[in-house]
Structures are given as C-alpha cells and as structure tokens.
Amino acid sequence: MLDAAKAVALLFTNPGQTLADMTAQSVLRPRLPLIAVPTTAGTGSETTNVTVIIDAVSGRKQVLAHASLMPDVAILDAALTEGVPSHVTAMTGIDALTHAVEAYSALNATPFTDSLAIGAIAMIASRYRKRWGNGHDMAARENMLLASCMAGMAFSSAGLGLCHAMAHQPGATLHIPHGQANSMLLPTVMGFNRMVCRERFSHIGPGVTQQESGRSRRDRRS
C-alpha cells in the first residue's frame with residue numbers, strides 16, 4: 008500500500024505520464040505531501056525513494072526510483088502490525104532480512120549503511136521467531152518494525168543485489184509473495200557471491216549466532 012501511495016502522490020502532480028516515463032526523467036513536479044505509516048515490517052518503503060508497482064495489464068513489476076518518492080514523515084507504530092497473519096509476518100520479515108544482507112554486501116556500502124544493515128540483521132535475528140510465533144508480542148513487533156526501517160535506510164543508499172534483481176520475475180509471473188521469492192533465492196545468491204563477499208558474510212554470522220544462543224538460553228530458563 009505504501010508503494011501505491013507513493014506512486015499516486017507523484018502521478019497526481021505529473022498527469023499524463025507513466026511510471027516508465029517518469030523513470031527516464033530527472034526533473035518532475037513535486038509530489039503531494041506524503042506521510043508513510045507501515046502496517047507490515049518488511050519493505051522499509053517508509054524510508055526509501057523507490058516504489059514497486061505491478062502493471063495490471065502486462066502483469067510486469069515496474070520499479071521507479073526517484074528522490075521525490077521519499078516520504079516527508081515516517082510513523083512507526085507496532086500496534087498497527089499486530090493483526091498481520093503469521094505467514095505474512097514471516098515473509099515480510101525475510102524481505103527485511105534480505106534488504107539488510109544485500110545492503111551490507113553491496114558495492115556502494117559505506118560505514119553508515121553498514122551500521123544500519125548489521126544492526127537490522129541482529130535485531131531480526133533476535134526477534135524474528137518470537138514475532139512469527141506470537142503475533143501479540145508487541146516488543147518483538149516493534150523491534151522488527153525498527154529493523155525493517157533501518158534496512159530500508161541502508162539499501163536506499165547502498166543499493167541491493169542479485170537476489171532482488173531476480174525476485175521480481177517469479178513474483179510477477181508466478182504470483183509468489185516477494186518475501187518468499189527472496190527466501191528461495193537468497194541462499195543461492197549468497198553462495199554465488201561468497202568468494203568476493205567472504206569477509207562481509209563472516210561479519211553477519213556472529214551477530215545471528217549470538218542472538219540465537221541468547222534466545223536458546225532464555226528459552227531454557229523459561
């Protein structure tokens with residue numbers, strides 16, 4: 008819904024143009040004011056200058072990246088995600104994780120985006136299972152919402168990778184949820200990139216392992 012709102016806000020002030028037309032232009036009329044309030048923890052669209060829209064006629068996913076698509080205000084309220092079904096919670100969480108992993112291993116990564124991406128990965132590792140298993144755990148939902156936002160900020164500057172480049176095709180043609188497509192592709196893409204991203208990937212593992220170890224100890228105590 009956020010992506011649709013961003014596209015409408017820009018199309019309204021630039022009538023007669025398609026997303027493809029606007030992609031080719033660097034100068035567009037200012038969009039309508041935009042306040043983004045996410046109701047899932049996954050896309051990070053509230054802090055990105057990107058919108059992804061499915062063309063109802065062709066069935067293709069269209070991606071538009073433009074500075075005007077960055078919302079004016081982002082409001083993160085975990086209470087709005089409480090009613091999200093568990094399978095949607097799982098898939099959007101994987102999307103956020105993929106954003107963070109790809110931003111951390113992107114060619115344009117910087118120390119600033121690294122801190123956001125690694126922070127998001129650690130937060131997702133600490134709360135993902137709990138949030139998926141207990142949709143009413145508001146602390147877990149808040150953590151995931153923050154992690155999704157951080158991952159969005161990271162990839163907005165650093166960019167994404169091969170996983171997202173390929174995930175849109177099965178999503179559009181086979182109607183596979185975006186997070187599920189990412190979950191199918193990410194292990195293979197990480198394996199493909201391993202030789203040139205070995206050091207980067209080695210930094211991801213300890214954070215996830217530490218969070219999992221801490222979770223296991225807490226589970227045993229309970």
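The C-terminal residue of the sequence shown carries number 229 in our numbering, and the numbering is unbroken. Don't be surprised by glycine CBs; every beta carbon is placed ideally from N, CA and C.
- Counting every other CB atom within 10 Å of its CB across the protein chains shown gives Ala72 a total below 16, marking it as exposed.
- With a beta-carbon spacing of about 15 Å, Thr25 and Arg38 fall beyond the 8 Å limit used to define contacts.
- Under the 8 Å Cβ criterion, the segment 40-47 counts as touching the segment 77-97, having at least three qualifying pairs.
- When the Cα atoms are used, Ala27 and Ala85 turn out to be separated by approximately 34 Å.
- Ranking Ser133, Ala161, Phe199, His185 by CA distance to the CA of Leu169 puts Phe199 first.
- Look at the segment 166-218 and you find these whole runs of alpha helix (DSSP H), each 4 residues long or longer: 169-181.
- Secondary structure of Leu26 (DSSP, three-state): helix.
- If you check the CB distance, Pro40 and Ala16 come in under 9 Å.
- Selection Asp62, Thr58, Ser65 evaluated against Ala74 yields Thr58 as nearest (Cα-Cα).
- In terms of CA proximity to Thr30, Ile60 leads the group Met8, Ala12, Thr54, Ile60.
- A direct Cα-to-Cα measurement between Val70 and Leu35 gives close to 16 Å.
- In the DSSP assignment, Val70 forms a beta bridge with Val59.
- Pairing Ala107 with Ala116 gives a Cβ-Cβ distance that is not under 9 Å.
- A Cβ-Cβ separation of about 6 Å places Asn56 in contact with Ser163 under the 8 Å criterion.
- Going by C-alpha positions, Val64 is about 39 Å away from Arg201.
- By alpha-carbon distance to Ala172, the top candidate from His182, Ile131, Val196, Leu9 is Val196.
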